[in-house]
Each structure stands twice: as C-alpha cells, then as structure tokens.
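Asker: Quick one: the structure is below, and I'll ask about it shortly.
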Amino acid sequence: MIEAHNLTKVYGDKTAVNDLSFTVRPGIVTGFLGPNGAGKSTTMRMIVGLDNPTSGSVTVNGRRYADHSAPLHEVGVLLEARAIHTGRSAENHLRAMAATTGIGRRRVEEVIDLVGLREVASKRAGAFSLGMGQRLGIASALLGDPDTIMLDEPVNGLDPEGILWIRNLLKGLAAEGRTVFVSSHLMSEMAVTAEHLIVVGRGRLIRDMSVADFIDSASTRSVHVRTPQAGQLRSLLLRDGVSVSSSQHDQLDVTGLSSDAIGAQAAEAGIVLYELSPVQASLEQAFMELTKDDVEFRASDDQSLTTHNQELAA
Amino acid sequence: MSTATMNVVERPAERTVAQRQGVSFPRVVKSEWIKFTSLRSSWLTLAGAVAAMVVIALVIGGNIGSKWSTLAPDDVAPSGVLRGYFLGQLLIGVLGVLFVSAEYSTGMIRSTLAAVPRRIPVVLAKALVFGGIALVAMTAASVTGFLGAQGLLSQSHHGVSLFDSGVLRVVVGTGAYLAMIGLLGAALGWIVRSTAGGIAGLVGFLIVVPVVLGVMPGTWGKNVVEYLPAGAGSAFTSSLHTTYMLSPGAGFAVLLAWVVGGLLVAATVVKRRDA
Numbered sequence: 001m002i003e004a005h006n007l008t009k010v011y012g013d014k015t016a017v018n019d020l021s022f023t024v025r026p027g028i029v030t031g032f033l034g035p036n037g038a039g040k041s042t043t044m045r046m047i048v049g050l051d052n053p054t055s056g057s058v059t060v061n062g063r064r065y066a067d068h069s070a071p072l073h074e075v076g077v078l079l080e081a082r083a084i085h086t087g088r089s090a091e092n093h094l095r096a097m098a099a100t101t102g103i104g105r106r107r108v109e110e111v112i113d114l115v116g117l118r119e120v121a122s123k124r125a126g127a128f129s130l131g132m133g134q135r136l137g138i139a140s141a142l143l144g145d146p147d148t149i150m151l152d153e154p155v156n157g158l159d160p161e162g163i164l165w166i167r168n169l170l171k172g173l174a175a176e177g178r179t180v181f182v183s184s185h186l187m188s189e190m191a192v193t194a195e196h197l198i199v200v201g202r203g204r205l206i207r208d209m210s211v212a213d214f215i216d217s218a219s220t221r222s223v224h225v226r227t228p229q230a231g232q233l234r235s236l237l238l239r240d241g242v243s244v245s246s247s248q249h250d251q252l253d254v255t256g257l258s259s260d261a262i263g264a265q266a267a268e269a270g271i272v273l274y275e276l277s278p279v280q281a282s283l284e285q286a287f288m289e290l291t292k293d294d295v296e297f298r299a300s301d302d303q304s305l306t307t308h309n310q311e312l313a314a
Numbered sequence: 001m002s003t004a005t006m007n008v009v010e011r012p013a014e015r016t017v018a019q020r021q022g023v024s025f026p027r028v029v030k031s032e033w034i035k036f037t038s039l040r041s042s043w044l045t046l047a048g049a050v051a052a053m054v055v056i057a058l059v060i061g062g063n064i065g066s067k068w069s070t071l072a073p074d075d076v077a078p079s080g081v082l083r084g085y086f087l088g089q090l091l092i093g094v095l096g097v098l099f100v101s102a103e104y105s106t107g108m109i110r111s112t113l114a115a116v117p118r119r120i121p122v123v124l125a126k127a128l129v130f131g132g133i134a135l136v137a138m139t140a141a142s143v144t145g146f147l148g149a150q151g152l153l154s155q156s157h158h159g160v161s162l163f164d165s166g167v168l169r170v171v172v173g174t175g176a177y178l179a180m181i182g183l184l185g186a187a188l189g190w191i192v193r194s195t196a197g198g199i200a201g202l203v204g205f206l207i208v209v210p211v212v213l214g215v216m217p218g219t220w221g222k223n224v225v226e227y228l229p230a231g232a233g234s235a236f237t238s239s240l241h242t243t244y245m246l247s248p249g250a251g252f253a254v255l256l257a258w259v260v261g262g263l264l265v266a267a268t269v270v271k272r273r274d275a
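Chains as they are written, first to last, in our numbering: chain R, 1 to 314; chain Z, 1 to 275.
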C-alpha cells in the first residue's frame, strides 16, 4: 500500500510534482502513466525517500519509507536500470545490497535464477545490455521478498520476450497479494498489464481510475459521415446524448448514435450520404487526449490525432 | 513461451518467506566491505599506492648511501626514505574520492540510499571500511618500505632501526597520514559527488593551496599552512622539526580534526540533499 498526500516537489522555479494525492492498493497492478516529464520518476524517488518532498507526504505500508527498519523487505524498487556500479558483477551487486539487511546468499542465487541472469551473474554489470540491466534491477527489487514492488519504466529496452516476462511477473506478484506500482509512458503496455491507472501530466493528477473504465471511455465510438447536406443532417441528429462536430463543411463526426441509426434516419429524410464509417479511438489516442494539455515537450506542429474523439476528455 | 515465463507463473506456490531482518550498522559495514573488495579498480589503485611507497623507498635507500655526506639534513633523516608518500597520498586520496564518487557517477548511490534510507550509516560504514583498509595497507607499505630501505643503507652503515628514538612515530605516522588523506578524499567525494571535482579538490587542498600560501609575503601564509592537512601531516611524518611546523601530537590532532570535520560535513549534506 502506497499513500501519497498532497505530494509536491519544486526544483527551483519548476514544479515537478504538484499536489499529488493517490493510493496504490495491494493485490493489483497499478499503472502510473504520464508523458515524459510528467513527474513519475520524481514521485517514485520521493516514495523511497531519495528526494524530499517540498510539501506533502507519502507513506508505504503505513509508514514513511525511511522509518521502516528493513526497507528492502517493505519495498522493492527499480528506479532506473543503471543504478548499478558498472565495475561490479551482478552477483556482487546483489550480495552488497542483500548484506545491508541480512539477506543470505541463498536468496541472492534465487533471484538471479528468477530473472534469468545465471549465465552472466559473474560478469561486470557495465557489459550488460539495457535489457539485462533491467533484469538485474528487478532482481535487486525482489531481493527482500517485499510486499510492495515499484518499478519505473521496467519494459524500457526489453525485447518482446522480456516484455512478456515482465508482464507475467508483475501479474504474478500482484496475485500473491502484493502492491505493484509500475510507471510507463505507454498506454498500450499498461492496458494489458495494469488493473488500475493513475494518470499524471505536468506533475498533476489527471485520472485515478480502473483500466476497465478507461477503456470504456476510450472506446466511445464516433461515426464519421460525409454528406452534401451536412447542415440538414446535423439538425436532424442533434438531440440529448448526441453530439455532432464538423471539421469540414461536408463532414460530420457524430457521437451517441450508431452508424446504423444514422444511416436509417438519413434515408428516411432523403439525405444523400457519401460516406458513413464508425471510428474507434485507440487507447493510445485516448491517453494522448487526456494528457494533451499537460505534455511538457511536444513537436511544434500539433497534429490533430484526436479529431474523432473530442468528447473523450469530458 | 519461454521457460523464464513459466518459472514466474509458478512462483506463487513456492513463495519464500525470507527472514525479515532489519538494517543494522554492522550489516551496512559488511555491504560496504563487499562493495570495496568486489571492484578490481579498488585493488589496483591500492596496490599502486603501496608500490609507490615501497619502490620509492628502495630506490632512495639504494642510492643515497654513497653520497651521504653531501646530502641535506632532511634527506638523511629517517623520514627521508619515505618520500613515496607524496605519490602515495595522491593515489590513496583518489581511491577515497572514487569509492564514493563512483556511486554517484554510476547511479549506484540510489540503490545504496534506498537500501539504507537513514543514509548516515552509509557515510560512516564507508569511512570505516575504507579507513581500515587504507590504514592497514599504508602502514604495511610504510613499514616495508622503511625496513627495505634501511636494509640497503646498512650496507654503507647509515641504516637506522625502527626502534631508534622517534622513528616508529614517523613510520607508523606516515601510514596513518595516508589513511587519513584517503578519508579526506572520501569526504570530498560525498561533498562534491563527482570524481573530477573530488580529485581536483584533493590536489588543490593538498598541494596547490599550501604552495600558494607558502610564497605569500610575511608569515601569515606559512602559519596557515601549518594547519592545513599536508602541513599538519608533516608535523608527525617528518623526523626533522622546522619552523612553521606544529608538534607531532598537535599535527596529528589537527589532521584528525580535518578528517572528522570533513566526514561531518559529508554526513550533513548527504542527509539533507536529494540523491
């Protein structure tokens, strides 16, 4: 269980995390989603006491992280794959970490096998690929068999097999009743891994909702219609629960009605249709729509990816 | 599906209940010991510092016997053969900086401080491990270099014994001096968090500042130098007592104060700063 209360972190004149409150519950995978620069890593660093909040507080399993007598047993954390001395072997890195809290050699060997690093365990970590580094970081997070596991962008640099491995690992850990908190900037990854989502942008909370709800809202269909009688069709269709937008004079985007219903009504009124096509927003589009006002860095040409789902953010 | 995936799926059934022991200072010391001893660069640099002491002592001991009467007093003093300390202090000081700064440059520090979030035990444990290793290695190097050099000098009947008056203080003191310089390096590593900055600070502090102050007009510069780490160190590592030099006991106390002060500053900034 992770509980953040009004967490705020200011660096100079830049507010990285702004009054963020959320709860990460045990037994499920919670995705921490946001564009790059949204404050995800900063929040995670504050959770394990590496950065001090400017204001607000965060507790893990009911206490401040630093107040736990055996922090590695409370929270296993992967902050970035490269939080490892490059000159040390994977095995010695894990032994050094394990020693701080009296974890024995056997557990070190266990986690090496668990993450599949047996063959390279005695090689210098500096020679590792990004994916191997991620696995070593995850091994180190699992050392203390912790109740809470927090991973910052764990699938970065992993090949498809590795991504599948992480996905199953996280689900398995959650199924054991642990709290699993995983950050990502990829909605598609979170959609298949997480059950709950905490979405942030520019350090602020945007959404705290289940993935199922998010997918529901994202799959709101709209129907794209092209007709020379756009004005007439618009007034015909507009009523409660239906919204119509128009990007060009002969085109309409309708939400709240199926394409069947639109076609039938148009036929009844004798309106000619050139085009009638249902459009479904992807999760990625829904996510971008949610966070579009909160993206820190963006290509200057703001391409409209979201023409078809303008109602989503409502 | 890979075998790795299969293992993970099976894990719930065999979930190990690890014995949950807390973080304690001896455990942090053990962790730092593993860290120091598991890096090849630690041993290479340490070997370099030891070699500098021993080889230079042997070279001096093998060459000055024949020119004895033409040499200056500080060349023929018992401490004259331990001049390798000058190179040795740079190597052990750099190793001290590196033992800390490499954690910052590699990102390891975040793993370290997440494991020991109270942080101060890490600063103390690193000092204890590194200080202990440096003290043993540098004292051994100093004694070995001294005995080897005196063995060579005894062929021309200029050798002195480790147990002649004031000699043991100089030889053991040189080992202790080098260990303390190593610890100052470690403190600098914590404070500046970068290898380049730490080494620059160390060299500036040990060598550049004393030289600059020493050539200032008047005596104030020289009076200040007495209290800087290098000046304070020479008070107990040199056999000759010169003007602008503290007594051996006072010199030792002043250098120890630098080390303790440096580590206190280190502990304070490490505790306060974001990692």
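The C-beta atom is built at its ideal place from N, Cα and C for all residues, glycine as well.
The structure presented is a predicted model; accordingly, all values stated were derived computationally and were not measured.
#1: Nearest by alpha-carbon distance to I28 of chain R: which of R:D67, R:L50 and R:D147 is it?
#2: Between M44 of chain R and L79 of chain R, what straight-line distance do the alpha-carbon atoms span, to the nearest angstrom?
#3: For the candidate residues Z:G173, Z:Y104, Z:P217 and Z:A127, whose alpha-carbon lies nearest to that of T195 of chain Z?
#4: Using a Cβ cut-off of 7 Å, pull out every chain R residue sitting near V28 of chain Z, in sequence order please.
#5: In whole angstroms, what separates the C-alpha of L276 of chain R from that of S55 of chain R?
#6: In whole angstroms, give me the CA-to-CA distance for H158 of chain Z and A114 of chain Z.
#7: So which residues on chain Z does D159 of chain R lean against when the C-beta distance must stay under 8 Å?
#8: Quick check: is any heavy atom of the ligand PLP less than 8 Å from the C-beta of M245 of chain Z?
#9: In the DSSP assignment, what residue or residues form a beta bridge with P278 of chain R?
#10: Just the C-alpha distance for G39 of chain R and R202 of chain R, rounded to the nearest angstrom, thanks.
#11: To the nearest angstrom, how far is the alpha carbon of S300 of chain R from that of V10 of chain R?
#12: A127 of chain Z to V200 of chain R, Cα distance in whole Å?
#13: Counting only beta-carbon separations shorter than 9 Å, does H93 of chain R have a partner in chain Z?
#14: Among R:N92, R:A261 and R:L205, whose alpha-carbon lies nearest the alpha-carbon of V225 of chain R?
#15: If distances are taken between C-alpha atoms only, which option among Z:L264, Z:W220 and Z:R110 comes closest to S41 of chain R?
#16: How do the stretch 45-54 of chain R and the stretch 107-125 of chain R stand: do at least 3 beta-carbon pairs fall below 8 Å, yes or no?
#17: Write down every uninterrupted run of the alpha helix (DSSP H) in the stretch 48-102 of chain Z whose length is 4 residues or greater and which is fully enclosed by it, in chain order.
#18: Assign P320 of chain R to buried or exposed, taking buried as 16 or more other Cβ atoms, counted over all protein chains shown, within 10 Å of its Cβ.
#19: Which runs of the beta strand (DSSP E), 3 residues or longer, sit entirely within the stretch 57-92 of chain R?
#20: Against chain R, does T5 of chain Z count as a neighbour if the rule is that its beta carbon must be under 9 Å from one of theirs?
#21: To test your reading of the DSSP string, which unbroken alpha helix (DSSP H) runs of 4 or more residues are found completely within the stretch 226-264 of chain Z?
#22: Between K35 of chain Z and chain R, is the shortest Cβ-Cβ distance under 9 Å, so that the two count as touching?
#23: The beta strand (DSSP E) with I206 of chain R in it runs from where to where?
#24: Is F25 of chain Z helix, strand or coil when you go by DSSP?
#25: With a CB to CB cut of under 8 Å and the five nearest residues on each side skipped, what residues in its chain are close to R234 of chain R?
#26: On a CA-only basis, which of Z:G189, Z:S238, Z:L240 and Z:M245 is nearest F99 of chain Z? Give me that one, please.
#27: Once you ignore the five residues that flank E107 of chain R on each side, which residues in its own chain have a CB closer than 7 Å to its CB?
#28: Quick one: residues in its chain with C-beta nearer than 6 Å to the C-beta of R204 of chain R, no 5 flanking neighbours on either side, listed in chain order?
#29: Run down chain R in chain order and give the residues with a C-beta less than 8 Å from the C-beta of L39 of chain Z.
#30: Let me know if W68 of chain Z comes out buried or exposed under the rule of 16 or more other beta-carbons within 10 Å of its beta-carbon.
#31: Could you tell me how far apart the beta carbons of G76 of chain R and V182 of chain R are, in whole angstroms, since I believe they sit closer than 8 Å?
#32: Rounded to whole angstroms, what's the CA-CA distance from A266 of chain Z to L71 of chain Z? Just pull it up for me.
#33: Under 9 Å between beta-carbons, which chain Z residues line up against E80 of chain R? List them in chain order, please.
#34: Can at least three beta-carbon pairs, one atom from the stretch 264-276 of chain R and one from the stretch 173-189 of chain R, be found at a separation below 8 Å?
#35: Could you work out which residues of chain R lie near G22 of chain Z, taking near to mean beta carbons separated by less than 7 Å?
#36: Taking only three categories from DSSP, how would you classify V244 of chain R?
Answerer: So, from the listed chains and residues:
#1: Residue mapping note: residue 28 of chain R aligns to position 28 of the first sequence, counting from 1. Nearest option by C-alpha distance: R:D147.
#2: For the purposes of this step, residue 44 of chain R is taken as residue 44 along the first sequence, with counting starting at 1. For the purposes of this step, residue 79 of chain R is taken as residue 79 along the first sequence, with counting starting at 1. Straight-line Cα distance between these residues: approximately 8 Å.
#3: Residue mapping note: residue 195 of chain Z aligns to position 195 of the second sequence, counting from 1. Cα-wise, what sits closest to T195 of chain Z is Z:Y104.
#4: Start at 1 with the first residue of the second sequence, and residue 28 of chain Z comes out as number 28. Within chain R, the residues near V28 of chain Z are T100.
#5: As a first step, residue 276 of chain R is located in the first sequence; it is residue number 276 there, counting from the start. As a first step, residue 55 of chain R is located in the first sequence; it is residue number 55 there, counting from the start. Rounded to the nearest angstrom, the two C-alpha atoms are 53 Å apart.
#6: In the second sequence, residue 158 of chain Z corresponds to position 158, counting from 1. In the second sequence, residue 114 of chain Z corresponds to position 114, counting from 1. Looking at the two C-alpha atoms, the distance is approximately 57 Å.
#7: By 1-based counting over the first sequence, the position of residue 159 of chain R is 159. Within 8 Å Cβ-Cβ: nothing; D159 of chain R doesn't reach chain Z, min ~11 Å.
#8: The model on display carries no ligand, and the ligand PLP is accordingly not part of it.
#9: Position 278 of the first sequence, counting from 1, holds the residue named residue 278 of chain R. R:V223, per the DSSP bridge assignment.
#10: The sequence position of residue 39 of chain R within the first sequence is 39, counting from 1. The sequence position of residue 202 of chain R within the first sequence is 202, counting from 1. Cα to Cα, the separation comes out at about 7 Å.
#11: Indexing the first sequence from 1 puts residue 300 of chain R at position 300. Indexing the first sequence from 1 puts residue 10 of chain R at position 10. Its pLDDT being 48, under 50, S300 of chain R is placed unreliably by the model, and nothing is read from it.
#12: For the purposes of this step, residue 127 of chain Z is taken as residue 127 along the second sequence, with counting starting at 1. For the purposes of this step, residue 200 of chain R is taken as residue 200 along the first sequence, with counting starting at 1. The alpha-carbon atoms of A127 of chain Z and V200 of chain R are separated by roughly 41 Å.
#13: Along the first sequence, read from residue 1 onward, the residue named residue 93 of chain R stands at position 93. At least one chain Z Cβ lies under 9 Å of H93 of chain R.
#14: For the purposes of this step, residue 225 of chain R is identified with residue 225 of the first sequence, where counting begins at 1. Of R:N92, R:A261 and R:L205, the residue nearest in Cα terms is R:A261.
#15: By 1-based counting over the first sequence, the position of residue 41 of chain R is 41. Ranking Z:L264, Z:W220 and Z:R110 by Cα distance to S41 of chain R puts Z:R110 first.
#16: no
#17: 73-76
#18: The structure shown does not extend to residue 320 of chain R, since chain R is modelled only from 1 through 314, so no value can be given for it.
#19: 75-78
#20: The sequence position of residue 5 of chain Z within the second sequence is 5, counting from 1. Any reading at T5 of chain Z must be qualified, since the residue scores a pLDDT of 42, below 50, and its modelled position is unreliable; no value is offered.
#21: 229-237
#22: By 1-based counting over the second sequence, the position of residue 35 of chain Z is 35. At least one chain R Cβ lies under 9 Å of K35 of chain Z.
#23: Along the first sequence, one-based indexing puts residue 206 of chain R at 206. Its beta strand (DSSP E) spans residues R204 to S210.
#24: Position 25 of the second sequence, counted from the first residue, corresponds to residue 25 of chain Z. F25 of chain Z: helix per DSSP, three-state reduction.
#25: Along the first sequence, read from residue 1 onward, the residue named residue 234 of chain R stands at position 234. Answer for R234 of chain R: V244, S246 and L252, listed in chain order.
#26: Indexing the second sequence from 1 puts residue 99 of chain Z at position 99. When the alpha-carbon of F99 of chain Z is set against those of Z:G189, Z:S238, Z:L240 and Z:M245, the nearest one is in Z:G189.
#27: One-based indexing of the first sequence puts residue 107 of chain R at position 107. In the sequence as displayed, the identity of residue 107 of chain R is Arg instead of Glu. Closer than 7 Å at Cβ, skipping near neighbours: A98 and L143.
#28: Counting from 1 along the first sequence, the entry for residue 204 of chain R is found at position 204. So the list reads N18, once near-sequence residues are dropped.
#29: Mapped onto the second sequence, residue 39 of chain Z falls at position 39. Near L39 of chain Z (Cβ distances below 8 Å), the residues of chain R are H85, G87 and R88.
#30: For the purposes of this step, residue 68 of chain Z is taken as residue 68 along the second sequence, with counting starting at 1. With fewer than 16 other Cβ atoms within 10 Å, it is exposed.
#31: Residue 76 of chain R sits at position 76 when you count from the first residue of the first sequence. Residue 182 of chain R sits at position 182 when you count from the first residue of the first sequence. Rounded, the Cβ-Cβ distance is 12 Å, inconsistent with contact.
#32: Here residue 266 of chain Z refers to the residue found at position 266 of the second sequence. Here residue 71 of chain Z refers to the residue found at position 71 of the second sequence. Distance between the alpha carbons of A266 of chain Z and L71 of chain Z is about 43 Å.
#33: One-based indexing of the first sequence puts residue 80 of chain R at position 80. Neighbours of E80 of chain R on chain Z, chain order: G107 and R110.
#34: Cβ pair count under 8 Å is below three, so no.
#35: Translated into positions along the second sequence, residue 22 of chain Z becomes position 22. Under the 7 Å cutoff, chain R gives S69, A70 and T101.
#36: Reading the first sequence from its first residue, position 244 is the one you call residue 244 of chain R. Residue state, collapsed to three classes: strand.
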